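Worksheet: the structure to be examined is printed underneath.
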Amino acid sequence: MYTVNRNQAPTLTRSSYTRMDESVTPVQRPDVTSNSVRITARASVRITALDPVRISGRDSVRITALRDSVRITARDSVRITASDSVRITARDSVRITSLGSVRITGLGSVRITARDSVRITARDSVRITARDSVRITARDSVRITARDSVRITARDSVRITARDSVRITARDSVRITARDSVRITARDSVRITARDSVRITARDSVRITARDSVRITAQDEFALAG
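Taken in order, the sequence shown gives residues 1 to 226; the numbers are from this note's numbering.
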């Protein structure tokens, strides 16, 4: 297990992992806690664990791959939590995979950005929550998949943007909720699919835009309110 508390260096670069000219590959079962967490690599970031992955910052969490990709994989669950904001950025792609569940929580905002694609996959459920706003942006495509349910919640706004396509899929239900507005935009297509129900709710407005097609499918219930 790898642990960092607030009495240790909160910047996880050279001393905590590997040299900046190498990929960042922590040991199994990362459990990182500090005032703020910074994981930065010139090439790629790889975090892999047989048990849960926990990354928590009282202030903020920043995970950045300057040239390649970010990969976070856990057999159990992935939890990324910050009192302020969470930023995950890759020049190539972002992949977050869990056989259990994925929870990304920022009391400020959550930003996930990739030049190529963003993939968030969980066998159980995916929860992305921010008090301010949620932004998921990819030049290629965005895929959020869960066997159980997908929940994306922000007090302010939710923006999901891809140049190619957006796919949100859950066996149970999909919930996207914002007090202000929800925007889902793709140059090609948008697909939101759930066996049970799909609910997209915003106090101000909901906009789902694609040059090709938009498909929202639910066997039980579909609700769109804005």
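For each residue, glycine too, the CB sits at the ideal point set by N, CA and C.
Treat the numbers as computed from the prediction; the structure is a model and nothing was measured.
Report task. For the region 128-202, list the beta strand (DSSP E) runs that are entirely contained and at least 3 residues long, ordered along the chain. Result -> 133-138, 141-146, 149-154, 157-162, 165-170, 173-178, 181-186, 189-194, 197-202
Query raised in the report: The beta strand (DSSP E) spanning Ala90 covers which residue range?
Result: Residue 90 sits at position 90 when you count from the first residue of the sequence shown. For Ala90, the enclosing beta strand (DSSP E) starts and ends at 85-90.
Query raised in the report: Start and end of the beta strand (DSSP E) containing Ser109?
Result: Within the sequence shown, the letter at position 109 stands for residue 109. Residues 109-114.
Requested in this report: Give the secondary structure of Leu66 by DSSP, where H, G and I count as helix, E and B as strand, and everything else as coil.
Outcome: Sequence index remark: in the sequence shown, residue 66 carries index 66 (1-based). Reduced to three states, the DSSP call for Leu66 is coil.
Query raised in the report: Is it the case that the Cβ atoms of Ile96 and Val78 are separated by a distance below 8 Å?
Result: For the purposes of this step, residue 96 is taken as residue 96 along the sequence shown, with counting starting at 1. For the purposes of this step, residue 78 is taken as residue 78 along the sequence shown, with counting starting at 1. Yes. Within cutoff.
**Report entry** Rounded separation between Ala210 and Val190 - CA only
**Finding:** Taking the first residue of the sequence shown as 1, we reach residue 210 at position 210. Taking the first residue of the sequence shown as 1, we reach residue 190 at position 190. Taking C-alpha positions only, Ala210 is separated from Val190 by approximately 6 Å.
Query raised in the report: How long is the line joining the alpha carbons of Ser197 and Ser149, rounded to whole angstroms?
Result: Residue mapping note: residue 197 aligns to position 197 of the sequence shown, counting from 1. Residue mapping note: residue 149 aligns to position 149 of the sequence shown, counting from 1. In a straight line, the C-alpha of Ser197 is about 10 Å away from that of Ser149.
Query raised in the report: How is Ser77 classed by DSSP in three states: helix, strand or coil?
Result: Residue numbering aside, residue 77 sits at position 77 when the sequence shown is read from its first letter. DSSP places Ser77 in coil when its eight states are reduced to three.
Query raised in the report: Along the chain, where does the beta strand (DSSP E) that runs through Leu224 open and close?
Result: Indexing the sequence shown from 1 puts residue 224 at position 224. It spans 221-225 - the beta strand (DSSP E) in which Leu224 sits, taken as one unbroken run.
Requested in this report: Tell me, to the nearest whole angstrom, how far the beta carbon of Thr113 is from that of Thr137; I am working on the premise that it is less than 8 Å.
Outcome: To locate residue 113, count along the sequence shown from 1; it is residue 113. To locate residue 137, count along the sequence shown from 1; it is residue 137. Between Thr137 and Thr113 the Cβ distance is about 5 Å, and since that is below 8 Å, they are a contact.
Query - Inter-residue CB distance, Ile80 and Val94 (contact presumed, cutoff 8 Å) - result: Here residue 80 corresponds to residue number 80 of the sequence shown, with the count starting at 1. Here residue 94 corresponds to residue number 94 of the sequence shown, with the count starting at 1. Wrong, their Cβ atoms sit about 12 Å apart, outside the cutoff.
Requested in this report: Would you mind reading off the limits of the beta strand (DSSP E) that contains Gly57?
Outcome: In the sequence shown, the residue the question calls residue 57 occupies position 57. Looking at the DSSP string, the run of the beta strand (DSSP E) that includes Gly57 is 53-57.
**Report entry** Alpha carbon of Arg147 to alpha carbon of Arg183, nearest angstrom
**Finding:** The count along the sequence shown starts at 1 and reaches residue 147 at position 147. The count along the sequence shown starts at 1 and reaches residue 183 at position 183. Cα-Cα distance, rounded: 24 Å.
Query raised in the report: DSSP state of Arg211, grouped into three classes?
Result: Here residue 211 corresponds to residue number 211 of the sequence shown, with the count starting at 1. Reduced to three states, the DSSP call for Arg211 is coil.
**Report entry** Ala41 - partner residues in DSSP beta bridges
**Finding:** Sequence index remark: in the sequence shown, residue 41 carries index 41 (1-based). Ala41 pairs with Ala65.
Report task. Give the secondary structure of Arg123 by DSSP, where H, G and I count as helix, E and B as strand, and everything else as coil. Result -> Mapped onto the sequence shown, residue 123 falls at position 123. DSSP places Arg123 in coil when its eight states are reduced to three.
Query raised in the report: Between Ser141 and Ser117, which are expected to be in contact by the criterion C-beta below 8 Å, what is the C-beta distance as a whole number of angstroms?
Result: Here the question's residue 141 lines up with position 141 in the sequence shown. Here the question's residue 117 lines up with position 117 in the sequence shown. Contact holds; Cβ gap of about 5 Å.
Report task. Tell me where the beta strand (DSSP E) around Gly100 begins and ends. Result -> Translated into positions along the sequence shown, residue 100 becomes position 100. Looking at the DSSP string, Gly100 is not in any beta strand (DSSP E), and its letter there is neither H nor E.
Query raised in the report: If you drop the 5 nearest sequence neighbours on each side, which residues of the same chain put their C-beta closer than 8 Å to that of Ala223?
Result: The sequence position of residue 223 within the sequence shown is 223, counting from 1. Result list for Ala223: Ser197, Val198, Arg199, Ile200, Thr201, in chain order.
**Report entry** Backbone CA spacing between Val166 and Ile160 [nearest angstrom]
**Finding:** If you number the sequence shown from 1, residue 166 lands on position 166. If you number the sequence shown from 1, residue 160 lands on position 160. Each residue's Cα considered, the two are about 8 Å apart.
Requested in this report: Keeping to the same chain, check which residues put their C-beta closer than 6 Å to that of Asp132; ignore five residues upstream and five downstream.
Outcome: Residue 132 sits at position 132 when you count from the first residue of the sequence shown. Within the same chain, Asp132 has close Cβ partners Gly108, Ser109, Asp156.
Report task. Can you say whether Ser205 is buried or exposed, counting buried as having 16 or more other CB atoms within 10 angstroms of its CB? Result -> In the sequence shown, counting from the first residue as 1, residue 205 sits at position 205. It counts as exposed.
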